[in-house]
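Student:
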Amino acid sequence: MSTLITNIAELMTQDAEHRVLRDAAVVIEGERISWLGPAADAPAADEAVDAGGRALLPGWVDSHTHLIFAGDRTAEFEARMAGESYSAGGIAVTTGATRGTSDFDLTRLAMGRVAEAVSQGTTYLETKTGYGLDLENEARSARSASTVADEATYLGAHLVPAGMDAEDYTELVCGPMLDAVLPYVRWADVFCERGAFNEDQSRRVLQACKDAGLGLRVHGNQLGEGPGVRLAVEFGAASVDHVNYLAAADIDALAASWSGWDAAGGSGPRGTVATCLPACDLSTRQPLAPGRELLDAGVQLALASNCNPGTSYTSSMAFCVTTAVLQMRLSVHEAVRAATYGGALALGRESGNDVDGERAVGSIAVGHRADLHLLNAPSATHLAYRPGIPLTHAVWRAGIAQRVR
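Under full-length UniProt numbering, the first residue of the sequence shown is numbered 1, with each subsequent residue one higher.
1. Round the Cβ separation of A139 and A180 to the nearest angstrom and send it over; I've been treating them as touching at under 8 Å.
2. Check the C-beta distance from P287 over to N221 and give it rounded, since I have them as a contact under 8 Å.
3. Over what stretch of residues does the alpha helix (DSSP H) that includes R292 continue unbroken?
4. Terminal residues of the continuous alpha helix (DSSP H) containing A82?
5. Quick check on E29: does DSSP put it in helix, strand or coil?
6. Please state the DSSP three-state secondary structure of E193.
7. If you reduce the DSSP assignment to three classes, tell me which class P278 lands in.
8. So, at 7 Å on beta carbons, what are the nonlocal neighbours of G348 in its own chain, with the 5 sequence-adjacent residues on each side left out?
9. Give me the residue from R359, A380, E358, E350 with the minimum Cα distance to A16.
10. Along the chain, where does the alpha helix (DSSP H) containing V176 start, and where does it finish?
11. Can you give the beta carbon distance from T98 to F69, rounded, assuming they're within the 8 Å contact cut?
12. Give the DSSP-derived three-state secondary structure of L133 in the structure shown.
13. Output the residue ranges of the beta strand (DSSP E) runs that lie fully inside the stretch 356 to 390 and measure 3 residues or longer, sorted by chain position.
14. Are the stretch 253 to 266 and the stretch 330 to 337 in contact at 8 Å, needing three or more beta carbon pairs?
15. Excluding five sequence neighbours on each side, which residues of the same chain lie with their C-beta closer than 6 Å to the C-beta of D241?
16. Using only CA atoms, which one of V233, T13, W261 lies nearest to A249?
17. Taking the alpha-carbon of E225 as reference, which of E84, L36, L246, H382 has the nearest alpha-carbon?
18. Measure the C-alpha to C-alpha separation of G271 and C192 and round it to an integer number of angstroms.
19. Can you name the start and end residues of the beta strand (DSSP E) that G215 belongs to?
20. Rounded to whole angstroms, what's the CA-CA distance from R19 to A365? Just pull it up for me.
21. Using a Cβ-Cβ cutoff of less than 7 Å, which residues in the same chain neighbour A297 once the five nearest sequence positions on both sides are dropped?
22. Note down the Cα distance separating residue 425 from C174, rounded to an integer number of angstroms.
23. Can the beta-carbon of L159 be found less than 9 Å from the beta-carbon of D189?
24. Between the stretch 371 to 381 and the stretch 113 to 126, are three or more C-beta pairs nearer than 8 Å?
25. Which whole-angstrom value describes the C-beta separation of L303 and A360, a residue pair presumed to lie in contact below a C-beta threshold of 8 Å?
26. Can you grab the Cα-Cα spacing for the pair L67 / A145, in whole Å?
27. Alpha carbon to alpha carbon, how far is T95 from G399?
28. For a test of the three-state rule: what should DSSP assign to V49, helix, strand or coil?
29. Alpha helix (DSSP H) containing M111: first to last residue?
30. Cα separation between S141 and G52?
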């Protein structure tokens, strides 16, 4: 079955050539993109969709979420808005609610959050464990994550649970808990931050997970300068996320990690992506991550929602893009690229084709997965020009039209 999407006013490919096509068309065959180009040259297809002069983007790639949870933290949010500062300890509130929720309900809740994200244009997403914080509950969170998300990440090292010694818990995270989640996850993460895991503990977690064959990610430099970025680069982590407080040496290290990367061709040794989480920054009243400085230094950038119950209860990638443009001084094209191709790069899904069978996401090119986001606007600029307006008109995920609320 093939589908022609034609009469596209603006097609922002986010491919290696950064093309923006006018009066364009795209053909989907099965789950892949089989053709794109001028609408006048479009081949015939089994069915046609008239885009009506709207803009077409790659689907959002949300590379950092925490969807496996139960409970509510509005009281914490209200207290923070009243002036209390954020600390990592609020995670414990969610842990209690999550442990008391059945497997069925935990997965059902997460599936609802995924559906909400997809209806807003997100077509590929990662989610983490981290609200179980014991062997049994981290294992079942990992099972649930592997069911509802495209990418699952082990975050047993989210917080030391109440009543446990930090060293004993770190050993659990690096040993039996890791063994229990391995069948379900591709990535591992650690919250390297004051109030969570210190440098030595974070290093041990990263080494154990690397030895187990998992790709690495790091929560780092959210609440102050610290070792998170340095550890992420040292271990070759795919991304370091938050990055609110960066010393010049941190930016230099991230930039150096990309020194062998051919940004134009998308080839060469990959570095560590800096993932900015602007919705979280606003909710916690932290300074926004220095996205402009990172891009100017040559660092590859991603934007993600950080959807979680405590500090960023939103899956709106459009909101993140709008904030990046209005507050972080990114151009519209840069912000959209960070929320599509950048997220794919942070997940190691930016490349792939018909030959290897692992289709690329985050960009529109022949052979890539047909993840498409049609805006109810003639250009992507409207995402920032009309902040807060729901602009998602249609979504295709792996070639299948999705329900848009």
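In this text, a Cβ means the ideal position worked out from N, Cα and C, and glycines have one as well.
Tutor: Based on what the coordinates show:
1. Counted from its first residue, the sequence shown places residue 139 at position 139. Counted from its first residue, the sequence shown places residue 180 at position 180. So it is a contact: roughly 4 Å between Cβ atoms.
2. On the sequence shown, position 287 is the one that residue 287 refers to. On the sequence shown, position 221 is the one that residue 221 refers to. Actually they are not in contact, since the Cβ atoms of P287 and N221 sit about 11 Å apart, beyond 8 Å.
3. Residue numbering aside, residue 292 sits at position 292 when the sequence shown is read from its first letter. 291 to 296 is the extent of the alpha helix (DSSP H) around R292.
4. If you number the sequence shown from 1, residue 82 lands on position 82. Run containing A82: none; DSSP gives neither H nor E here.
5. For the purposes of this step, residue 29 is taken as residue 29 along the sequence shown, with counting starting at 1. E29: strand per DSSP, three-state reduction.
6. Stepping through the sequence shown from its first residue, residue 193 is reached at position 193. When DSSP states are grouped into helix, strand and coil, E193 belongs to the coil group.
7. Position 278 of the sequence shown holds residue 278. Residue state, collapsed to three classes: helix.
8. As a working note, residue 348 is residue 348 in the sequence shown. Closer than 7 Å at the Cβ level, and outside the excluded window around G348, lie G215, A238.
9. Residue numbering aside, residue 16 sits at position 16 when the sequence shown is read from its first letter. Considering only alpha carbons, the answer is E350.
10. Counted from its first residue, the sequence shown places residue 176 at position 176. Per the sequence presented here, residue 176 reads as Pro, with Val not at that position. Boundaries of the alpha helix (DSSP H) harbouring P176: 176 to 181, taken from the DSSP string.
11. As a first step, residue 98 is located in the sequence shown; it is residue number 98 there, counting from the start. As a first step, residue 69 is located in the sequence shown; it is residue number 69 there, counting from the start. Contact holds; Cβ gap of about 5 Å.
12. Residue 133 sits at position 133 when you count from the first residue of the sequence shown. In this structure, L133 counts as coil in the three-state DSSP scheme.
13. You should have 372 to 375.
14. no
15. Against the sequence shown, residue 241 aligns to sequence position 241. Taken in chain order, the residues that qualify are H64, H219, T275.
16. As a working note, residue 249 is residue 249 in the sequence shown. Among V233, T13, W261, the Cα nearest to that of A249 belongs to V233.
17. One-based indexing of the sequence shown puts residue 225 at position 225. Closest in C-alpha terms to E225, from the list E84, L36, L246, H382, comes L246.
18. Counting from one through the sequence shown, the residue named residue 271 turns up at place 271. Counting from one through the sequence shown, the residue named residue 192 turns up at place 192. Rounded to whole angstroms, G271 and C192 show a C-alpha spacing of 19 Å.
19. One-based indexing of the sequence shown puts residue 215 at position 215. 215 to 220 is the span of the beta strand (DSSP E), which, as asked, contains G215.
20. The residue labelled residue 19 in the question sits at position 19 within the sequence shown. The residue labelled residue 365 in the question sits at position 365 within the sequence shown. When rounded, the distance between both Cα atoms is 10 Å.
21. On the sequence shown, position 297 is the one that residue 297 refers to. Result list for A297: I251, A255, in chain order.
22. Outside the shown range of the chain (1 to 405) lies residue 425, about which nothing can therefore be said.
23. In the sequence shown, residue 159 corresponds to position 159, counting from 1. In the sequence shown, residue 189 corresponds to position 189, counting from 1. Between L159 and D189, the C-beta spacing is not below 9 Å.
24. yes
25. Numbered from 1 along the sequence shown, position 303 holds the residue referred to as residue 303. Numbered from 1 along the sequence shown, position 360 holds the residue referred to as residue 360. 18 Å between Cβ atoms; not a contact.
26. Position 67 of the sequence shown, counting from 1, holds the residue named residue 67. Position 145 of the sequence shown, counting from 1, holds the residue named residue 145. Each residue's alpha carbon lies about 8 Å from the other.
27. Sequence index remark: in the sequence shown, residue 95 carries index 95 (1-based). Sequence index remark: in the sequence shown, residue 399 carries index 399 (1-based). G399 has its alpha-carbon roughly 37 Å from the corresponding atom of T95.
28. Position 49 of the sequence shown holds residue 49. In the structure shown, V49 sits in a strand (DSSP, three-state: E or B).
29. Indexing the sequence shown from 1 puts residue 111 at position 111. 103 to 118 is the span of the alpha helix (DSSP H), which, as asked, contains M111.
30. Taking the sequence shown and counting its residues from 1, the one referred to as residue 141 is at position 141. Taking the sequence shown and counting its residues from 1, the one referred to as residue 52 is at position 52. Computed Cα separation, rounded: 42 Å.
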